[in-house]
Structure formats: C-alpha cells, structure tokens
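*Asks:*
Shown next, in the form of structure tokens:
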C-alpha cells in the first residue's frame, strides 16, 4: 500500500497481556496492583466531573509541581504524559531519525521494539549477562537511545547507579532512558543523577505502584532543555482533566501509597519463600512480580494448568524465558490460591 | 543540542487558546460546548471508578461497536483515540517520512503545521479562495497528506462532497484528511464517501458536540486496511477506562446529544442575526462559532475591550484574520452578555 511508510507496514503491533472479559479470574499477568488507588483519587475525580466540557490545562502544572516537591527536582524537569508509554514515544520522536540506532537489552520490555519501528530506526537487542547484569562489551557508542528498565522486567533485577553512570558515559551522543515503571517497588530512582548526566531521561508510571493502570498516567524526568523539546512533541491536551486531578491526589496521599507499597513488598517476600519451598527457583525480585523457573512440568504446562484453574500469569515463548513464568504480586488471598494451585500441579 | 532531531529543535510548539485560572469569565475562545455532557456520561464514569487499578481494554471495542452502529460503518474502520489530535498524529506518523509534502489550507487549524514539523515533513499552506472555497489551481499532486477541516475553522464554512471527491482524485498517492471536529454542527459527514475513496480519512472529536473537551476522545474513520496500519502506531492503552465508558454513554444518549446540538445551532442563528443588526459582518457559520469582522474599532481593540469585561474570544494576528474575531457559541445568558458588551463597545 503506497500510503503507508515501509517501516510501519513492516512492523508488528505490540501485544499486551491477555485480558479476560468475564469475572472470576485471578489476574496475575499484567503487573497491575492488586489494591485499589487511594480513596482521595476517586474523590478528586468525582469532584472534577462538572468540568468535563472544558479543555484540560495543557501542561498538567499542578501535577508537575507536586511531583517536583516529592522528587526534589524542578517542575521544568518534569513532563506528565498519557501513561509512561507516551513519554517513551515522545522521546523517540524527539531524538530518533529513520536509520538511527536504538538499543534495548534482552530480555526486557518488548514495546521498545515497536517504538523503534515506528520511527524507522535500526533496533538492536543486546543480551543481558547470565546474572542479568550489563554485558562486559556494550558496543552502544553510536546509539541514539538506549533503554534500561530498572528494575528490569521480566527478571525483577536491579542495576546500580554505577551501571547507569557507565551507560551515560558511553552513549555520548544519545539518550539513556532509565525506565522506572517498577522503581517504587525497589525504592530506588536515578532522578537524582540527572544533574550529573545531561543525556539521562527517567520515566515513571502511575500504573503499578499507584494502582492507576486504568487512568493512564506517566512522568518523564530530564534536563530542562530536553523537557522543553519533548514538550513541543507532546499532544498538548494529552492528559485529561480526570487524570490530572487523579494524579495530583495520588501523589498527595503518600501515607496510603507507602502502606500499599509495603503490602506488595511483603507479599513478594512471602511468594518467593513459598515458591522456593515448593522447589521452584525464583529470581529475587525488586518489582511487583517474580520470575519463576519451572522444568517438570514445563513452564508452558504450568501456565496452561493455572489457566484452567482461572489463574492468569504471563508466559513468554522466547529464548531464556521459555522455562519461566512471570507472576504479578496479588493480594494475600490470590497468593494463597496461586500457591495451592502450583503445589497441586507440581504434585501431580 | 545533539540529542534532539533538527526538525524538532526548529519547530515551535502549538499555542492553544488562553485558559483563565479564575472563575467568572465568559469563555468563548476555545469552541467548547456551553452545555455539560449527558448525565449518563457522568454516571458511567462514576460506575467505572472501582476498576482503575486494571488496564483498559486496548482497542476500545465497545465504543467502536457503538460508533459503527451510529455511522453505519464496520467497527474495523474505526479507531478511538485520545482526542482527535492523537488520531491526526497517528496518521502522520503512519504516512509521512521526513521530507514528504504535507498540505493544509490557509487560514485553518494551526496544529497541522506542528504535526507536520514533528515528522520533519515539508509543510505547505495554500490560500483558500476569497469566498473560502478551494482555489482553482490546487497543485497537491505530490502531497502525502492534505488536511481539509469541514466545516473549516475559523471561518465556519463548508465544503461540498464534490470538493472532497476532487481532492481525493488529485492526491492519488497520499491521504486526504477531512477533519470533522465541527461536523455535527453542520450535520454533514464524509464517512459514507469512504467506500469510494481508499485514500480518504475522516476524523471526529467528542470535544465539541459531545461536550467532552476535558475527557479527550476522538474517532478516526478509514478503510479497514488503513485502520489496521494506524492501529499499530497507536499507543496501545491510549484511551483510559473512564474515557471509554464516557464515550460509550455519550454515543448511546443520542436524545440528549441532539437536543444539545439544536440549542447551539439556534443560538448560532440568533448571534449571527444580532451581530448583523449591530452592523457587524458575520460569515454564515456551520460550526459552533462565528467569524465576525470589525473595522472601527479594530478587531484587536474589540478583543481587548471584551477581555476587560471578562469576555474571552479568539483573536488571530495573522493575514486575512487580523480584522476578525472568532466567537464560540455560548449559552443564551453568555450570548446576552456578549451582545450587550459589543453593542456598548461599538457605541463608544
């Protein structure tokens, strides 16, 4: 078809985790938070319903101000976006011309490939080392953008400030994106490194730790100059009125946030222990999921048998992951069901 | 700065209409609907608040199904987006490579230029004829995308099916976008022309006729094949849960919609008549605004004096528009205030 760019015709769209239509599933396949958002978020949204006929404020000024306070950084270094996926797209649109090199590590978030394809970029995957670290030889000198999720998904493993600094030093003419979608669960952030690395961009989301996957909210952090450029590429009414007041209320209710976060972290410890007790190998995770290894029966079998019991986890049929399942941290009750299902499957 | 693409560094961001922070303004500068959305929209949003921790359904399937019924077209020919601005961006990202020609007419929606700049396209403006029609000589044979708002903003004038068919025939290797942001107020649509023109794309928004500027919702209509390609470029969770249920409820409440629409159309007639009675030249409008010509005092003076009276209208300091004001259709009460303010300004 002559109307469509070749890079778009050739690319595949991203395929997100399965979403069942009926009720009654234990849904541990999309790393959603098992707990609802703060009641203050819902109140704020209800109070905003009378204003829907008017356009939103275009820069999400109040959210940026609140995030600035929370993260100890200037509001001019922050962009609020329609999910952090939009932030990632804006970044690539701002920095990547057709043919430029975009690098991600493997295995990690597969959407990076889709984003690179949209720009007609040359996309390169570099394998993580055996212990999920950066490989010795990086060879990313010419990259325009390098993606590093921290903690990484689906391994749940963490990179050090030294790793990030090293990458920023090597990728001199390009951007290093530290994707902190799961950063809160590790209680780390590279935001404070921004003052030392002008080519660093940090992205965060409200989908996981703030329980707002359904509202679509992300944050981007970078130098003022980079943010000023990204802002021009942003759809100028990208964040709607309800999302703006919801984000503000979520950031303001840090007590609720921290208590929720602690519950997820506690359940993560418990799940890791109980799976290990069943003989399942689990990589110690810093995120809101664990990567668990199954050999007999195979991971694919366990996935299928869990699905028959109406428990959804994520199975990736790709190298290094084909004997693993990524399991999101659920409520205590969901975790009970999961553990007893796995115990029964393994005992069969 | 080496990190940013030249086309992005060189471009200016879009500047939307002024949004006052305080209450008490008569706000007729952004073509917002003066009436609230259907109460069923607000109920649907309230009922969805319990699901915010989970991701939205990625394809907005229920909205597409309802829109398909309403417009008599297949759901596979529809895309739901985060405002119609997102639909326009997706289209350019799918079709336009750096250096490709993108055409818009002048004067019209200025965001087309920003969208073209994002893609590094060569952007060309062609003047409308004196009576706001298409010029005799179009010279758009090589365009990859041509934008035609119908009705046009800020003139409020309408193009015929013949105009659209002519454009689609000339722009053989490119897309003709009929931007129907204001289409409901003219009670016309090019959607039924899609079956005859494979290079036609129609866009619509919920911001104007459905009173949902604050919720960000747009629709794109095209051939199944084009929609399939656009869908790959869409942020796959672009439309949040509240927007999806809101859109569905809005489409389902056609009685409310039609009664609201009629009120705006009636006030448009009244405003046109009363401005004419004051000696102000008004172009007969098919949209939810009128373009009114002022000479003594100048449009800029009238704009300023209205602003001092806390009435906001839109003034564009650009050729062909510098003696005009674009005035959105407000409530009857707002229209009373506007008319009496203009009468008093003209009498001074």
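Protein chains in written order, with the working numbering: chain Y, 63 to 410; chain Z, 63 to 410. Just so it is clear, CB atoms sit at the ideal spot from N, CA and C, and this is done for glycine as well. Bear in mind that the values here come from a model prediction, so they are computed numbers and not experimental data.
List, in chain order, every chain B residue whose beta-carbon is nearer than 8 Å to that of residue 303 (chain Z).
*Replies:* Looking for chain B here will not work: the only protein chains present are Y and Z.
*Asks:* Please decide whether residue 310 (chain Y) counts as near chain Z, where near means a Cβ-Cβ distance under 8 Å.
*Replies:* For the purposes of this step, residue 310 (chain Y) is identified with residue 248 of the first chain, where counting begins at 1. No, its Cβ sits nowhere closer than 8 Å to a Cβ of chain Z.
*Asks:* Over what stretch of residues does the beta strand (DSSP E) that includes residue 309 (chain Z) continue unbroken?
*Replies:* As a first step, residue 309 (chain Z) is located in the second chain; it is residue number 247 there, counting from the start. Here residue 309 (chain Z) belongs to no beta strand (DSSP E); instead the alpha helix (DSSP H) covers 303–314.
*Asks:* Based on DSSP bridge pairs, tell me the residues matched to residue 411 (chain Y).
*Replies:* Outside the displayed range of chain Y (63 to 410) lies residue 411 (chain Y), so it cannot be described from this structure.
*Asks:* Quick one: list the residues of chain Z neighbouring residue 261 (chain Y), beta-carbon separation under 8 Å, in chain order.
*Replies:* The count along the first chain starts at 1 and reaches residue 261 (chain Y) at position 199. Correct list: 65.
*Asks:* For the putative contact between residue 277 (chain Y) and residue 304 (chain Z), defined by C-beta atoms under 8 Å, what is the C-beta separation to the nearest angstrom?
*Replies:* Indexing the first chain from 1 puts residue 277 (chain Y) at position 215. Indexing the second chain from 1 puts residue 304 (chain Z) at position 242. Confirmed, about 7 Å.
*Asks:* Among Y:366, Y:153, Y:243 and Y:339, which has the Cα closest to the Cα of residue 407 (chain Y)?
*Replies:* Residue 407 (chain Y) sits at position 345 when you count from the first residue of the first chain. Looking at the Cα atoms, Y:366 is the closest of the given residues.
*Asks:* For chain Y, check one thing: does any of its Cβ atoms lie closer than 8 Å to the Cβ of residue 114 (chain Z)?
*Replies:* As a first step, residue 114 (chain Z) must be located in the second chain, where it is residue number 52. So yes, residue 114 (chain Z) belongs to the interface.
*Asks:* Looking at chain Z, is there any beta carbon in it that lies within less than 8 Å of the beta carbon of residue 379 (chain Y)?
*Replies:* In the first chain, the residue the question calls residue 379 (chain Y) occupies position 317. Closer than 8 Å: no.
*Asks:* Based on DSSP bridge pairs, tell me the residues matched to residue 184 (chain Y).
*Replies:* As a first step, residue 184 (chain Y) must be located in the first chain, where it is residue number 122. Partner(s): Y:163.
*Asks:* Determine the extent of the alpha helix (DSSP H) in which residue 157 (chain Z) is found, giving its start and end residues.
*Replies:* Taking the first residue of the second chain as position 1, residue 157 (chain Z) is located at position 95. Its alpha helix (DSSP H) spans residues 146–157.
*Asks:* How is residue 250 (chain Y) classed by DSSP in three states: helix, strand or coil?
*Replies:* Taking the first residue of the first chain as 1, we reach residue 250 (chain Y) at position 188. Three-state DSSP puts residue 250 (chain Y) in coil, outside helix and strand.
*Asks:* In terms of residues, what are the limits of the alpha helix (DSSP H) holding residue 361 (chain Z)?
*Replies:* For the purposes of this step, residue 361 (chain Z) is identified with residue 299 of the second chain, where counting begins at 1. Run containing residue 361 (chain Z): 361–370, per the alpha helix (DSSP H) assignment.
*Asks:* Is it buried or exposed for residue 162 (chain Z), if we count other Cβ within 10 angstroms and need 16 for buried?
*Replies:* Counting from 1 along the second chain, the entry for residue 162 (chain Z) is found at position 100. Buried is the call here.
*Asks:* Determine, using beta carbons only, whether residue 257 (chain Y) comes closer than 8 Å to chain Z.
*Replies:* Position 195 of the first chain, counted from the start, is the residue given in the question as residue 257 (chain Y). Chain Z, which has no Cβ nearer than 8 Å to the Cβ of residue 257 (chain Y), makes this no.
*Asks:* Identify the continuous alpha helix (DSSP H) that holds residue 406 (chain Z) and give its terminal residues.
*Replies:* Here residue 406 (chain Z) refers to the residue found at position 344 when the second chain is read from its first residue. Residues 394–409.
*Asks:* Quick check: what's the CA-CA separation for residue 203 (chain Y) versus residue 381 (chain Y)?
*Replies:* Along the first chain, one-based indexing puts residue 203 (chain Y) at 141. Along the first chain, one-based indexing puts residue 381 (chain Y) at 319. Taking the straight line from one Cα to the other gives about 26 Å.
*Asks:* Near residue 210 (chain Z), which residues of its chain fall below 6 Å by C-beta distance, leaving aside the five closest residues on each side in sequence?
*Replies:* Here residue 210 (chain Z) is taken as the residue at index 148 of the second chain, counted from 1. Hits under 6 Å: 240.
*Asks:* Look up residue 342 (chain Y) in the DSSP assignment and say whether it is helix, strand or coil.
*Replies:* Here residue 342 (chain Y) refers to the residue found at position 280 when the first chain is read from its first residue. Three-state DSSP puts residue 342 (chain Y) in coil, outside helix and strand.
*Asks:* Taking the CB atoms as reference points, tell me whether residue 188 (chain Z) and residue 167 (chain Z) lie closer together than 8 Å.
*Replies:* In the second chain, residue 188 (chain Z) corresponds to position 126, counting from 1. In the second chain, residue 167 (chain Z) corresponds to position 105, counting from 1. Yes, the pair counts as a contact, with Cβ atoms nearer than the cut-off.
*Asks:* Tell me the DSSP secondary structure of residue 351 (chain Z) in three-state form.
*Replies:* Mapped onto the second chain, residue 351 (chain Z) falls at position 289. Correct three-state label for residue 351 (chain Z): strand.
*Asks:* Using alpha carbons as the reference points, say which of Y:392, Y:274, Y:132 and Y:248 lies closest to residue 218 (chain Y).
*Replies:* The residue labelled residue 218 (chain Y) in the question sits at position 156 within the first chain. It is Y:248.
*Asks:* Flag residue 86 (chain Z) as yes if its beta-carbon sits less than 8 Å from any beta-carbon of chain Y, otherwise no.
*Replies:* The count along the second chain starts at 1 and reaches residue 86 (chain Z) at position 24. No, because no Cβ of chain Y sits closer than 8 Å to the Cβ of residue 86 (chain Z).
*Asks:* Hey, is residue 280 (chain Y)'s beta-carbon within less than 8 Å of any beta-carbon in chain Z?
*Replies:* To locate residue 280 (chain Y), count along the first chain from 1; it is residue 218. So, not an interface residue.
*Asks:* Name the two residues that bound the continuous alpha helix (DSSP H) containing residue 386 (chain Y).
*Replies:* On the first chain, position 324 is the one that residue 386 (chain Y) refers to. Taken as a continuous stretch (DSSP letters only), residue 386 (chain Y) belongs to no alpha helix (DSSP H), being part of the beta strand (DSSP E) at 386–390.
*Asks:* Anything in chain Y within Cβ reach of residue 73 (chain Z), meaning under 8 Å, just list it in chain order.
*Replies:* Stepping through the second chain from its first residue, residue 73 (chain Z) is reached at position 11. Near residue 73 (chain Z) (Cβ distances below 8 Å), the residues of chain Y are 294.
*Asks:* Evaluate the contact criterion for the region 309–320 of chain Y versus the region 168–187 of chain Y: three or more CB pairs, one atom per stretch, below 8 Å.
*Replies:* Flag = no, the region 309–320 of chain Y and the region 168–187 of chain Y do not touch.
*Asks:* So which residues of chain Y does residue 300 (chain Z) contact, with C-beta pairs closer than 7 Å?
*Replies:* The sequence position of residue 300 (chain Z) within the second chain is 238, counting from 1. Per Cβ cutoff of 7 Å: 144.
*Asks:* Here's the rule I'm using: 16 or more other beta-carbon atoms within 10 Å means buried, otherwise exposed. How should residue 100 (chain Y) be labelled?
*Replies:* Locating residue 100 (chain Y) in the first chain gives position 38, where the first residue counts as 1. That one is buried.
*Asks:* Please report the distance separating the alpha-carbon of residue 237 (chain Z) from that of residue 65 (chain Y).
*Replies:* Translated into the one-based positions of the second chain, residue 237 (chain Z) becomes position 175. Translated into the one-based positions of the first chain, residue 65 (chain Y) becomes position 3. One C-alpha to the other measures close to 7 Å.
*Asks:* Of all the options Y:404, Y:246, Y:225 and Y:261, which has the alpha carbon lying nearest to the alpha carbon of residue 234 (chain Y)?
*Replies:* Here residue 234 (chain Y) corresponds to residue number 172 of the first chain, with the count starting at 1. It is Y:261 whose Cα lies nearest to the Cα of residue 234 (chain Y).
*Asks:* Could you tell me how far apart the beta carbons of residue 197 (chain Y) and residue 351 (chain Y) are, in whole angstroms, since I believe they sit closer than 8 Å?
*Replies:* To locate residue 197 (chain Y), count along the first chain from 1; it is residue 135. To locate residue 351 (chain Y), count along the first chain from 1; it is residue 289. In fact, because the Cβ distance is near 24 Å, the residues do not count as touching under 8 Å.
*Asks:* Give the straight-line distance between the Cα atoms of residue 111 (chain Z) and residue 159 (chain Y), rounded to the nearest whole angstrom.
*Replies:* Taking the second chain and counting its residues from 1, one reaches residue 111 (chain Z) at position 49. Taking the first chain and counting its residues from 1, one reaches residue 159 (chain Y) at position 97. Roughly 40 Å separates the two Cα atoms.
*Asks:* Determine, for residue 297 (chain Z), whether the minimum Cβ-Cβ distance to residues of chain Y falls below 8 Å.
*Replies:* Mapped onto the second chain, residue 297 (chain Z) falls at position 235. Output row for residue 297 (chain Z): interface = yes.
*Asks:* Does residue 254 (chain Y) pass the burial test, meaning 16 or more other C-beta atoms within 10 Å, or should it be called exposed?
*Replies:* Residue 254 (chain Y) sits at position 192 when you count from the first residue of the first chain. Classification of residue 254 (chain Y): exposed, given that the 10 Å Cβ count is below 16.
*Asks:* In whole angstroms, give me the CA-to-CA distance for residue 400 (chain Z) and residue 363 (chain Z).
*Replies:* Here residue 400 (chain Z) refers to the residue found at position 338 of the second chain. Here residue 363 (chain Z) refers to the residue found at position 301 of the second chain. Spanning the two alpha carbons is a distance of roughly 15 Å.
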